[in-house]
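Position 11 (the sequence shown) corresponds to 695 in my numbering; numbering is contiguous.
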Amino acid sequence: MKTFKIAPSVLSADYANFETELKKLEASGAEYAHLDVMDGHFVPNISFGAGVVASMRPHSKMVFDCHLMVSNPEHHIEEFARAGADIISIHVEATPHIHGALQKIRAAGVKPSVVINPGTPVEAIKNVLNLVDQVLVMTVNPGFGGQAFLPETMDKIRELVVLREVNELNFDIEVDGGIDDKTIQMAREAGANVFVAGSYVFKGDVSHQVQTLRDALDA
Ligand code: DX5
Ligand code: ZN
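Following this line, the structure appears as structure tokens:
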């Protein structure tokens, strides 16, 4: 079985204190720091870019899981690789060149991850599953933190688990959006093993919140 990883999203953190927020994440034992990059075009909201990721890098040894919610992400890959991303997630909906873009991520020495929105079928990424280390199944429509988890996305996780097995592939399955101590169990049961949580982690003491997610996974 794949190991479980918790990936708090700093989208819900204090942007004026990323250094402190990253230290809190590191102390919580979370495996990844999930960094949500939004361009105000692919999604309505604007968050932060590669410059901010580069400034965060010296303050944390955590795996930087960069989720690019930007149009034509292929234009920004080298920039995020240089900034210190360990994983780069790009949306299949954001580019006509998903295959080449994922190859570009690998060539930059970063782990490629492909993302599907709630309205996008698994079929759309079937031909690139052999190129990725991770598939991110959005469990909300991207753009904002604090939205309600969409349980209908769980069927796609089950589908991916089958495809991974049949084709002898080895990618992680990540979920993002509306994850709390209840929905994390639904995602785990469907077959996800990497869990992003933003508002749930930052609404209270970070270490305590991460621990409650961990306990829910172990329950
Ligand atoms: C949504 C982002 C998420 C977001 C999750 O567009 O990709 O990573 O931060 O936030 P919560 O956990 O609050 O739904
Ligand atoms: Zn995200």
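Just so it is clear, CB atoms sit at the ideal spot from N, CA and C, and this is done for glycine as well.
query: When the Cα of F748 is compared with those of I771, K887, V878, which residue comes out closest?; result: I771
query: Quick check on G882: buried or exposed, where buried means 16 or more other Cβ atoms within 10 Å of its Cβ?; result: buried
query: Have a look at the DSSP bridge pairing and note the partners of S773.; result: H751, S797
query: Check whether the segment 780-793 touches the segment 821-831, taking contact to mean three or more Cβ pairs, one atom from each stretch, closer than 8 angstroms.; result: no
query: Since I believe N877 is in contact with K745 (beta carbons under 8 angstroms), could you give me their beta-carbon distance rounded to a whole number of angstroms?; result: Not confirmed; about 21 angstroms, so no contact.
query: What do you get for K887, buried or exposed, if any count of 16 or more other CB atoms within 10 angstroms of its CB means buried?; result: exposed
query: Return the CA-CA distance between I782 and L820, expressed in angstroms with no decimal places.; result: 14 angstroms
query: For ligand 2, any of its heavy atoms closer than 7 angstroms to the Cβ of V878?; result: no
query: Between I774 and ligand 1, is there a pair consisting of the residue's CB and a ligand heavy atom that are separated by less than 7 angstroms?; result: no
query: Out of curiosity, what's the CA-to-CA distance linking A691 and L813?; result: 22 angstroms
query: Below 7 angstroms, is the gap between the Cβ of D720 and the nearest heavy atom of ligand 2?; result: yes
query: With a Cβ-Cβ cutoff of 8 angstroms, do V846 and K708 count as a contact?; result: no
query: Can you look up F702 in the DSSP assignment and give me helix, strand or coil?; result: helix
query: Quick check: V799 and H775, are their CB atoms within less than 8 angstroms of each other?; result: yes
query: Of the residues D860, K840, M722, Q895, which one's Cα is nearest the Cα of V736?; result: M722
query: Kindly indicate which residue of S693, D698, R766, F726 has the alpha-carbon position closest to the one of E715.; result: S693
query: What residue range is occupied by the uninterrupted beta strand (DSSP E) comprising Q831?; result: Careful: Q831 lies outside any beta strand (DSSP E) and carries neither H nor E.
query: Quick one, are the C-beta atoms of F702 and M753 less than 8 angstroms apart?; result: no
query: With L844 as the anchor, note down where its beta strand (DSSP E) starts and where it stops.; result: Not the beta strand (DSSP E): L844 falls in the alpha helix (DSSP H), residues 838-850.
query: Quick check on the burial criterion: 16 or more other C-beta atoms within 10 angstroms. Buried or exposed for I904?; result: The first residue shown for the chain is 685 and the last is 903, placing residue 904 beyond what the model contains.
query: Return yes when at least one heavy atom of ligand 2 lies under 7 angstroms from the C-beta of D889, else no.; result: no
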